[in-house]
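Everything on this sheet refers to the single structure shown next.
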Amino acid sequence: MKRNGESGVALLTALLVLVLISAMVVGMSWMVMTDQRLGGNNQDREVAVYAAEAGMEKMTADMGNMFGAQGSLSAANIVTLASTPPNLQGITYLNPSGVSTYQISCPPVSPCTPTANNAQILAPSPYAGMWGLITPFTLTVAAQTLNGSEVKLQRQVQAVAIPVFQFGVFSETDLSFFNGPPFDFGGRVHTNGNLWLASNTGPLYLADRVTVSGQVIRSNLENGWPGGGATIPAGGSYSGAVNIALTPNPA
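Numbering that gives the first Met the number 0 applies: residue 0 is where the sequence shown begins, and numbers increase by one.
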């Protein structure tokens, strides 16, 4: 009788251990499958994020290039820009109703009709203080993956056209200042190319902001002769001081 009782206890203990181990295996399997599922979801969301960023950067670059070439944007231009989303495998820019999520709007007008407002440009723009024709736009991009992940981005941009009469000197191409005697220029200077600055006896003083699309070059003159004190065949050394004001000259 005693032996039979001990056998029953051993069987019960074995069954309890087996149930415990089975529960642990099931729990671990569930955790692994959950982690795999979450990892897949995170990866899919990351793909959607990158696709939305790609769409936003393409839209911004396309708009900037078109504005730079034309100087303005029309309603037809906006339709064209909004109809050319990136072509990415496994990515769509459409909502469940088939409506494009690659959009440009001109608040508060819909559909987009670009309207420019004459306003002063604010800091931190290098053109702060000047007046320009400012056209606001809202760029919206929502990217969807084939697995259902979606990411939406929105960006506020402004297209600004600045009348050139506000500049003391405005150059569409390269620009150079090579002064002999002292020269004090009080207006804004801008060039869409490179800017060469050198002074012979000098100094050269630019009393307002200077903006350049290319580079400011001090190592040599535009004709190739070295600057910085090197004597040139025509005489002189162009070793004079060149000063550019950090803030506009109040005088």
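Glycine included, each C-beta is placed from N, C-alpha and C at the ideal position. Every value quoted in this text rests on a predicted model; they were computed, and no experiment measured them.
Closest residue to residue 183 among 18, 117, 243 and 143 (Cα-Cα distance): 243
Does the contact criterion of 3 or more C-beta pairs under 8 Å hold for the stretch 47-54 versus the stretch 145-157? yes
Among the candidates 162, 215 and 180, whose CA atom is the shortest distance from the CA of residue 252? Lying outside 0 to 250, the shown extent of the chain, residue 252 is not represented and no answer is given.
Backbone CA spacing between residue 152 and residue 90 [nearest angstrom]: 15 Å
By the 10 Å Cβ neighbour count, where 16 or more other Cβ atoms means buried, how is residue 58 classified, buried or exposed? buried
To the nearest angstrom, how far is it from the Cα of residue 87 to the Cα of residue 245? 46 Å
Could you check what DSSP says for residue 166 in three-state terms: helix, strand or coil? Residue state for residue 166 is assigned as coil, using DSSP reduced to three classes.
Tell me which same chain residues have a C-beta within less than 6 Å of the C-beta of residue 214, skipping the five on either side of it? 193
Please say whether residue 203 and residue 178 have beta carbons closer to each other than 8 Å? yes
Could you pull out every residue in the same chain whose Cβ sits closer than 7 Å to the Cβ of residue 78, ignoring the five residues on either side in sequence? none
Suppose contacts are defined by Cβ-Cβ distances below 8 Å. Is residue 190 in contact with residue 125 by that definition? No, Cβ-Cβ distance for residue 190 and residue 125 is not below 8 Å.
Chain-order list of residues whose beta-carbon lies under 6 Å from that of residue 208 (same chain, five-residue window excluded): The beta carbon of residue 208 is closer than 6 Å to those of 187 in its chain, skipping five residues each way along the sequence.
Beta strand (DSSP E) containing residue 77: first to last residue? Here residue 77 belongs to no beta strand (DSSP E); instead the alpha helix (DSSP H) covers 74-81.
Who are the Cβ neighbours of residue 85 in its own chain at under 7 Å, not counting the five residues just before and after it? 53, 54 and 57
Can you tell me where the beta strand (DSSP E) holding residue 154 begins and where it ends? Note, residue 154: beta strand (DSSP E), 149-160.
Provide the residue span of the beta strand (DSSP E) that contains residue 130, from first to last. 130-144
Quick check on the burial criterion: 16 or more other C-beta atoms within 10 angstroms. Buried or exposed for residue 198? buried
Give the straight-line distance between the Cα atoms of residue 171 and residue 241, rounded to the nearest whole angstrom. 23 Å
DSSP state of residue 19 mapped onto helix, strand, coil: helix
Name the DSSP bridge partner or partners of residue 195? 175 and 216
For a test of the three-state rule: what should DSSP assign to residue 229, helix, strand or coil? Any reading at residue 229 needs caution, since the residue's pLDDT is 48, under 50, leaving its predicted position unreliable; the model's value is listed next. Three-state DSSP puts residue 229 in coil, outside helix and strand.
Looking only at DSSP bridge pairs, what is residue 99 linked to? 93
Burial state of residue 142 (16 or more Cβ within 10 Å): Counting Cβ neighbours within 10 Å, residue 142 comes out buried, since at least 16 surround it.
When we look at the beta-carbon of residue 103 and count the other beta-carbons within 10 Å, is it buried (16 or more) or exposed? Burial call: buried.
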